[in-house]
Every structure is written in C-alpha cells, then in structure tokens.
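In the working numbering, the protein residues as written are -5 to 279.
One structure is given here, and the rest of the page talks about it.
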Ligand code: TXA
Ligand code: MG
C-alpha cells in the first residue's frame, strides 16, 4: 500500500496517523488532499530508528541525541534542521523537519518492513479532534483512506510532545504526555515558549468538537446550564487517554455545553489543559 504511493490509517501510542511514503511528493500530497490541510502545515516524519532520523537532518545536535535516547520509541517529536533529502511538501518549505519513533508494535513493524520514513499527521479532518481508535479514523475519513490498520485504542490519547532542537536552548512547541519537567531533566535548559507559536496550526482553534467546552479551574464553580461534566482532575493520565473519545461521545449525543474540570498545570495535566482550551476556543464555522 505505502509502496504504491497509497495512504493508510496507522495506529501509534498517541493518536492515529494518516501515513504515506515521506520520500514521495505525490503520496504526501494525497495526505493534504484527504485532510483538507493547508499545504504550508508541516508533517511529522515517523522513522524506525535513530540512524534514519539522523539521515533526515542536516545537523543532529546533542540535545536531539539525548532526548531520542531517553524517550524513543515514544510520544516525543524532535525538530531539527532538515537534510537535503527531505521534501518541501513534508516541511511546508521550512528549513526544519519534525521526526519521531512511535512506541506502537504495529507501527514499528510497518516502518521496519517498509524501510522508509512515513509522513503522518493525525488522521482527522483538519481542525477536528484527533482519532484514538480505528473506528474514529473510519468515521472521519471513510473511504478516502485506502486501509486503516486497527491497533486498538491508543495508549496515551494525546498528540506527542514537540521539542524544537534546532534552537539552543531547545523549546517545547506542543505539550504532551512527556512533560517539560522530564525534558528539562535531559537537556538541562529549556527556553520557555513565548510569543506566537512556531508550530503552524497550534494557535488556531484545533481539536474542536461541535459542543461548547467550558473549562473549569479549581477555583471556578460549575455553571448550572451545562449538559455534562467531564472530570479531568482526579486522574489526568486516564483523562488524557479518554479525552478525545469523550468529546466525540458528547457530539454524538448532540450535547450543547460540556464542562471540563481541569487538572493542575503539571506533567500530563499541562497537555490536557492545552487541548481543553483549544477545544474551547471560538470556532471558525
Ligand atoms: O502524536 C503525534 O504527534 C501524531 C502521531 C500521528 O504521530 N501526529 C500529529 O501530527 O499530531 P499533526 O500533523 O496533527 O501535528 C503535527 C504538528 C503540527 O502542529 C505542525 O505544525 C508541527 O507538528 N510541525 C511539524 N513539523 C514542524 C516543523 N518543521 N516546525 C514546526 N512545527 C512543525
Ligand atoms: Mg493534528
């Protein structure tokens, strides 16, 4: 399928991806067409081993090497300067490339057997909630995708942490289940993200369900007019795992207003808060 330039639904430990041969322009362009994603939004390249990651980069800094040894395979995406072999279609014309080794047996087997890097964004339509089961992918993309590999529900449930190692000190562009505390432990120093995000697509209302999400912090009271309350506070890791399925359930039940009890702003809680705030952001439609 991938050899023939096809596009497949692919399980990973974070969310399902929509994968294609990262070295084929026509295959990569199919991803953008199916997702309805703007062409300048870069894709993450999935690889089977660190040597392939190095081969895709112009320079492979110590910070990238240390993070890769600490967290790969796993829910961490590392951005480095791109090598000359990386397609413009993948980087959206940028001088950097985002790479990760997923921690999912089926994904790893596929990457090893295919023997080439696989470009894959989350397998949802642009701007919608990421899929965490094969059924979610089929519901979103239907017959537009040739094959959906069913690897069961995703372990983590939220997209990978993105760390930009093309700058010094490195910077977190998207929080995920690997926390800034864990990253700092490995690289020593982290630039705190300020100003506009440099990961395209991060500022817009993304991860958006149809219902209105009302984030509730510890000091806030729950409004009386909500149709459902989701508890993200008692067990943030579990909630991260369930969040996108819960949001899809709320939409299926046509709920209008859904309150989410926010976890504390530490560890995976930071990533949960980020996604809940994005889900709550004003929608374009
Ligand atoms: O967990 C994940 O990362 C999942 C699974 C499938 O691996 N993938 C995923 O891909 O979430 P996507 O395309 O939905 O999100 C990738 C993010 C986008 O916000 C994109 O802008 C950013 O990564 N990104 C990719 N390459 C970049 C680059 N060179 N510079 C800055 N941001 C980049
Ligand atoms: Mg996405």
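From the three backbone atoms N, C-alpha and C, an ideal C-beta is built for every residue, glycine too.
Chain-order list of residues whose beta-carbon lies under 6 Å from that of residue -4 (same chain, five-residue window excluded)
To locate residue -4, count along the chain shown from 1; it is residue 2. For residue -4, where only same-chain residues beyond five positions count, the Cβ hits under 6 Å are 15 and 108.
If we define contact as Cβ-Cβ less than 9 Å, is residue 204 a contact residue for chain B?
No chain B is part of this structure, which consists of one protein chain only.
In whole angstroms, give me the CA-to-CA distance for residue 175 and residue 163.
The count along the chain shown starts at 1 and reaches residue 175 at position 181. The count along the chain shown starts at 1 and reaches residue 163 at position 169. Approximately 15 Å between the Cα atoms of the pair.
In angstroms with no decimal places, state the Cα-to-Cα distance between residue 168 and residue 183.
Start at 1 with the first residue of the chain shown, and residue 168 comes out as number 174. Start at 1 with the first residue of the chain shown, and residue 183 comes out as number 189. Inter-residue distance for residue 168 and residue 183 is about 17 Å (C-alpha atoms, whole angstroms).
Nearest residue (CA-CA) to residue 91, options 172, 17, 255 and 265
Here residue 91 refers to the residue found at position 97 when the chain shown is read from its first residue. Closest in C-alpha terms to residue 91, from the list 172, 17, 255 and 265, comes 17.
With respect to the alpha helix (DSSP H) encompassing residue 43, which residues constitute its N-terminal and C-terminal limits?
What you label residue 43 is simply residue 49 of the chain shown in a count that begins at 1. Per DSSP, residue 43 belongs to no alpha helix (DSSP H) and is neither H nor E.
For residue 216, count neighbouring C-beta atoms within 10 Å of its own C-beta (all shown protein chains included) and say buried if the count is 16 or more, exposed if not.
Against the chain shown, residue 216 aligns to sequence position 222. With a threshold of 16 other beta carbon atoms within 10 Å, residue 216 falls short and is exposed.
Among 65, 117, 118 and 124, nearest to residue 97 - alpha-carbon criterion
The residue labelled residue 97 in the question sits at position 103 within the chain shown. Among 65, 117, 118 and 124, the Cα nearest to that of residue 97 belongs to 65.
With a threshold of 8 Å, establish whether the CB of residue 7 neighbours any heavy atom of the ligand MG.
The residue given as residue 7 occupies position 13 in the chain shown. Result no, Cβ not under 8 Å from the ligand MG.
With 16 other CB atoms within 10 Å as the buried threshold, where does residue 3 fall?
Against the chain shown, residue 3 aligns to sequence position 9. Buried is the call here.
Which of the three DSSP states, helix, strand or coil, is assigned to residue 306?
Outside the displayed span of the chain (-5 to 279) sits residue 306, for which this structure offers no information.
Between the CA atoms of residue 74 and residue 88 - distance to the nearest angstrom
Counted from its first residue, the chain shown places residue 88 at position 94. Counted from its first residue, the chain shown places residue 74 at position 80. Cα to Cα, residue 88 sits roughly 11 Å from residue 74.
Would residue 129 pass as a contact of residue 119 if the rule is Cβ separation under 9 Å?
For the purposes of this step, residue 129 is taken as residue 135 along the chain shown, with counting starting at 1. For the purposes of this step, residue 119 is taken as residue 125 along the chain shown, with counting starting at 1. For residue 129 and residue 119, no; Cβs fall outside 9 Å.
DSSP three-state call for residue 51: helix, strand or coil?
The count along the chain shown starts at 1 and reaches residue 51 at position 57. Residue 51: strand per DSSP, three-state reduction.
Are there 16 or more other CB atoms within 10 angstroms of the CB of residue 30, so buried, or fewer, so exposed?
As a first step, residue 30 is located in the chain shown; it is residue number 36 there, counting from the start. So residue 30 ends up on the exposed side.
Heavy atom of the ligand TXA less than 8 Å from the Cβ of residue 10, yes or no?
Residue mapping note: residue 10 aligns to position 16 of the chain shown, counting from 1. Because some heavy atom of the ligand TXA lies under 8 Å away, the Cβ of residue 10 counts as near it: yes.
In the DSSP assignment, the beta strand (DSSP E) including residue 127 goes from what residue to what residue?
Start at 1 with the first residue of the chain shown, and residue 127 comes out as number 133. Per DSSP, residue 127 belongs to no beta strand (DSSP E) and is neither H nor E.
Taking its Cβ as the centre, do 16 or more other Cβ atoms sit within 10 Å of residue 126, making it buried, or is it exposed?
On the chain shown, position 132 is the one that residue 126 refers to. Buried, since its Cβ has 16 or more Cβ neighbours within 10 Å.
Between which two residues does the beta strand (DSSP E) holding residue 164 run?
The residue given as residue 164 occupies position 170 in the chain shown. Segment: none, residue 164 is in no beta strand (DSSP E) and carries neither H nor E.
Could you check what DSSP says for residue 14 in three-state terms: helix, strand or coil?
Counting from one through the chain shown, the residue named residue 14 turns up at place 20. In this structure, residue 14 counts as strand in the three-state DSSP scheme.
Residues near residue 60 in its chain [Cβ-Cβ closer than 8 Å; skip 5 each side]
Position 66 of the chain shown, counting from 1, holds the residue named residue 60. So the list reads 180 and 181, once near-sequence residues are dropped.
If you measure between the beta carbons of residue 47 and residue 28, is that distance less than 9 Å?
Stepping through the chain shown from its first residue, residue 47 is reached at position 53. Stepping through the chain shown from its first residue, residue 28 is reached at position 34. Not closer than 9 Å, so no.
The region 142 to 149 in contact with the region 254 to 264 per 3-pair CB rule at 8 Å
In short, these stretches do not touch, since the Cβ pair count stays below three.
Beta-carbon separation (whole angstroms), residue 241 vs residue 203, contact threshold 8 Å
As a working mapping, residue 241 is identified with position 247 in the chain shown. As a working mapping, residue 203 is identified with position 209 in the chain shown. Sure, about 4 Å apart at Cβ, within 8 Å.
Compute every distance between the C-beta of residue 154 and the non-hydrogen atoms of the ligand MG, then say whether any falls below 8 Å.
As a working mapping, residue 154 is identified with position 160 in the chain shown. No; taking the cut-off as 8 Å, the Cβ of residue 154 has no heavy atom of the ligand MG nearer than that.
Are the beta-carbon atoms belonging to residue 140 and residue 0 less than 9 Å from one another?
Locating residue 140 in the chain shown gives position 146, counting from the first residue. Locating residue 0 in the chain shown gives position 6, counting from the first residue. Cβ distance < 9 Å, so residue 140 and residue 0 count as in contact.
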